[in-house]
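Residues in the sequence shown are numbered from 450 upward in steps of one, following the working numbering.
Backbone N, C-alpha and C fix where the C-beta goes; we use that ideal spot for every residue, glycine too.
Computed from a predicted model, the values in this text were never measured in an experiment.
Read through the structure below, which is laid out as C-alpha cells, and then see the notes.
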Amino acid sequence: MRHIIHLDMDAFFAAVEQLDFPHMRGKPVIVGGAPNERGVVSTCSYEARKFGVRSAMSLTEAYQRCPGGIFVAGRGFRYREISRQVFAIMSEYSPLFEPVSIDEAFLDVTASLKLFGTAPQIAETIQKRVREELQLSCSLGVAPNKFLAKLASDLKKPGGIVVIAKEDAKALLAPLPIAKIWGVGEKTAQKFHRVGILTIGDLQKSDPHTLARRFGSHGPHLWHLAQGEDDRPVERYDSVKSIGHEHTFEQDLADQGAIKATLLALSAKVGRRLRQQGYKARVIHLKLRYLDFSTYSRQLTLGTGTDFDGDIFGAAEKLFDTHFDGRPVRLVGVSAHQLTPRGQCPEQLDLFTPLSGKKRQLASVMDKIKDRHGEKSITYGLVTEHEEV
Ligand code: TTP
Ligand code: MG
450 MRHIIHLDMD
460 AFFAAVEQLD
470 FPHMRGKPVI
480 VGGAPNERGV
490 VSTCSYEARK
500 FGVRSAMSLT
510 EAYQRCPGGI
520 FVAGRGFRYR
530 EISRQVFAIM
540 SEYSPLFEPV
550 SIDEAFLDVT
560 ASLKLFGTAP
570 QIAETIQKRV
580 REELQLSCSL
590 GVAPNKFLAK
600 LASDLKKPGG
610 IVVIAKEDAK
620 ALLAPLPIAK
630 IWGVGEKTAQ
640 KFHRVGILTI
650 GDLQKSDPHT
660 LARRFGSHGP
670 HLWHLAQGED
680 DRPVERYDSV
690 KSIGHEHTFE
700 QDLADQGAIK
710 ATLLALSAKV
720 GRRLRQQGYK
730 ARVIHLKLRY
740 LDFSTYSRQL
750 TLGTGTDFDG
760 DIFGAAEKLF
770 DTHFDGRPVR
780 LVGVSAHQLT
790 PRGQCPEQLD
800 LFTPLSGKKR
810 QLASVMDKIK
820 DRHGEKSITY
830 GLVTEHEEV
C-alpha cells in the first residue's frame, strides 16, 4: 500500500501577484495582460472567479465579465522562483518527488511515515509550511495512488486537504463525469458519451474487452483508473536534464577558426557547470544557426560519460567539421545531455588511460582558479585569440 500526496497551488499566478502587491489582496486579479490585449487569461484570483472569469478565456471577455478587475501581465521568473521554494519544502519529506507543472507535484511518502507521521499529517505540515513560510495557499490530496491523489487535491479548493481511502474510491468516483479522469480530454469524453458512458460509474460497469476494441490500449487503462486503481510510480525528478550554453555573434561569422574558438569557450562553460553540479554527460549537441535563421541541431554519443572541457569540445568540433556548410553563422550552441551523477559513472582506470588522470588534474586546477578569481580568470589560448564569448 502506497501513500501518495498531490499538491496544487491555489490560483497560483494570481496569488503570487497578491503576495507581492498588497493592494491587490482581496480583489479580483486577472493574470494574462491588459484587458484590450488579444491574449487569454492565464489564471485569476478566486475573487475574479465569482464574476465567471476562467483560465483560457479571452481577456476581452474577462473584462466584460469583470470590468473592475485588476489586469496584469505575468511575471514568469517570479512564479518559477516561488515554485522552486514550494517544491523544496515538499522534497524535504521524501526523495520520491515528481513535479507535474509549475504549481503541482506528487510526493510518495510511503517510506517517510516513521519519520514524519501519517500521510495526512505530512500533507498538513506541508500546507502549514507553505502558508507560513511563503504566505501562499495550496490544496492537497492524499491517496494510495497518483490518480486518486490528484483528483483529491481538486475536491476542496482552495485550501483543502482531502484524503481518499482505497475502499472508498469506487463509490466516490462513480457519480463524477467521465472528463474528471486524468487523461480524458474533450475528444475522448465525447467518444465515451457516444456509447452511453457519461459518468465514471458507467465506465466502472463497462466491459474492459469491449473498451480495448473501441479505445485501444488506452481503454483498459482508463477502466482501471475508473475502479480507482493506478500503479504508476511517482517518478523521481531529475532537476537537471541538460546543460547548455549559446552565443550569438555580433556579426555573422564564416571564419572556421573563430567559430571553433567560440565552441571551445562554450564547451568549457558546459564542462565547468557539469563539474560544479556533479554530472557527466553521454551526449553532446551542437546547434548552428545560419544568417537566414535556419537552425540545425546535431548530436554525438560518447563512449563514456564525461565532464571534461576537452571531450565536450572534441565532440562539438567533430560535429561542426561534419555539418558546417560554409555559410556565415549567426549563433552557435553546445549542450550536454543524458546526464548521470558523477558517482554513478566511474572514472576510467588511470592505468589504462593515463590521460584521464591528467585531464582531471587540469580541470580541477582550472576550477580552483575560477572559484577564486572569477570565471574569466583563466581560459584556453585559442579562445583568447578570438575573444568574444
Ligand atoms: P492551475 O493549477 O490549473 O490553476 P490555478 O493554480 O491558477 O488555480 P487553482 O486554484 O484552480 O489550481 O494552473 C496553475 C498555473 O498555470 C496558473 O496559476 C496559471 C497557469 N495557467 C495558464 O497559464 N493557463 C491555463 O490555461 C491554466 C489552466 C493555467
Ligand atoms: Mg493550481
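- Here residue 741 is not near residue 588, since their CB atoms are 7 Å or more apart.
- Per the coordinates, the alpha-carbon of residue 504 lies some 15 Å from the alpha-carbon of residue 603.
- The continuous alpha helix (DSSP H) containing residue 469 extends over residues 461-469.
- Here the alpha carbons of residue 506 and residue 520 stand approximately 13 Å from one another.
- Listed in chain order, the non-local C-beta contacts of residue 648 below 7 Å within the same chain comprise 623, 624, 625, 626 and 627, local neighbours out to five positions each way being set aside.
- For the pair residue 789 and residue 691, the Cα-to-Cα distance works out to about 10 Å.
- Relative to the ligand MG, even the nearest heavy atom lies 6 Å or more away from the CB of residue 651.
- By the CB criterion at 7 Å, residue 729 and residue 755 fall inside the cutoff.
- Comparing C-alpha distances from residue 630 to each of 617, 652 and 819 shows the shortest one belongs to 652.
- A Cβ closer than 5 Å to some heavy atom of the ligand MG marks a residue here, and those residues are 457, 458, 461 and 552.
- Every alpha helix (DSSP H) stretch that sits fully inside the segment 546-626 and reaches 4 residues is listed by chain position as 562-565, 568-583, 595-602 and 618-622.
- Following the DSSP letters along the chain, one finds residue 641 inside the alpha helix (DSSP H) bounded by residues 635-643.
- The criterion of a C-beta distance shorter than 7 Å is satisfied by residue 460 and residue 495.
- A check of alpha carbon separations from residue 775 across 832, 698, 693 and 708 identifies 708 as the nearest.
- In the assembly as shown, residue 681 is an exposed residue. Its beta-carbon has fewer than 16 other beta-carbons within 10 Å.
- Around residue 668, the same chain offers 660 and 661 as residues with beta carbons nearer than 6 Å, after the five sequence neighbours per side are excluded.
- Close CB contacts of residue 576 within its chain, under the 7 Å cut and outside five residues either way in sequence, are with 587, 589 and 610 (chain order).
- Boundaries of the alpha helix (DSSP H) harbouring residue 496: 495-498, taken from the DSSP string.
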